[in-house]
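K.L.:
In UniProt numbering, the protein residues as written are 1 to 203.
Cβ coordinates follow ideal geometry from the N, Cα and C atoms, glycine included.
Would you mind keeping the following structure in view while I ask a few things?
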DNA sequence: AACGACTACAACCGCTCTGCC
DNA sequence: GGGCAGAGCGGTTGTAGTCGT
């Protein structure tokens, strides 16, 4: 990291003072996009230097990933998307990047912000008015995801395929590989929430 | 009109993970 | 195996805009 690298010659705070910070201008956006077009969206430190933006690589990456990338959707989160976010959050917790991966054109930052400003309040209100208490603890959610990994390993190891693991048809890689599917398919969510329910509240 | 409270969201920070040497 | 740099993630902060008084 650029900031950490300079520890030997000067304080991190000194360097941060020299860095451009705050909101990006249209000119900065244009420069960044131009450099990425030439060099690709890799080596952010080099991109930051090449573009002459006086911003850290991290900042450039964030700007590109959240706002400048092609096919980014901004605002107007539909009811369907909101429902999906709610379901996925129930399933995965604050794994924003995973949730974003399920919503084409949406970024983890946008979903995180949307959750914090809209949905978290909604959930609170629902709970106060006697809403669902189906959610799992962090530990339990971790277990759900870990179970998915374990299940997949077991499936690979067992050649007979007729044991108890065959009941669970999840492959983690495929599970989070959304490229093959159409957007906003809710069936798999419902399917997994049933599994989730079983793990969180074993009979 | 002025001001404070609240909201939404862009951006930053610190940390972890991953790959390379 | 250990150290380093780059990349990525989630939590938090800063601030512009909006609303109510």
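Which residues bound the alpha helix (DSSP H) around residue 60?
P.N.:
Residue 60 -> alpha helix (DSSP H) spans 57-63.
K.L.:
State the DSSP-derived secondary structure class of residue 132, mapped to helix, strand or coil.
P.N.:
With a pLDDT of only 41 at residue 132, under the threshold of 50, the placement of this residue in the model should not be trusted; the figure read from the coordinates follows. In this structure, residue 132 counts as coil in the three-state DSSP scheme.
K.L.:
Using 8 Å as the cut-off, can you tell me whether the region 64-72 makes contact with the region 89-96, which would need three or more C-beta pairs spanning the two stretches below that distance?
P.N.:
no
K.L.:
So residue 49 is in the alpha helix (DSSP H); what residue range does that whole segment cover?
P.N.:
44-51
K.L.:
Could you say which of 20, 32, 46 and 110 lies nearest to residue 204 if we only look at CA atoms?
P.N.:
Shown here, the chain extends from 1 to 203; a query on residue 204 therefore has no answer.
K.L.:
Buried or exposed: residue 26, going by 16 or more other Cβ atoms within 10 Å of its Cβ?
P.N.:
exposed
K.L.:
Does residue 37 pass the burial test, meaning 16 or more other C-beta atoms within 10 Å, or should it be called exposed?
P.N.:
By the 10 Å Cβ count, residue 37 comes out exposed.
K.L.:
Return helix, strand or coil for residue 19, following the three-state DSSP convention.
P.N.:
coil
K.L.:
Would you give the residue range spanned by the alpha helix (DSSP H) that residue 90 belongs to?
P.N.:
79-92
K.L.:
Residue 73 and residue 105: beta carbons closer than 8 Å?
P.N.:
yes
K.L.:
Can you list, in chain order, the residues of its chain with a C-beta nearer than 7 Å to that of residue 232? Leave out the 5 residues immediately preceding and following it.
P.N.:
What the structure shows of the chain is the stretch from 1 to 203, and residue 232 is not part of that stretch, so it cannot be assessed.
K.L.:
Measure from the alpha carbon of residue 119 to the alpha carbon of each residue in 103, 85 and 108, then state which is nearest.
P.N.:
85
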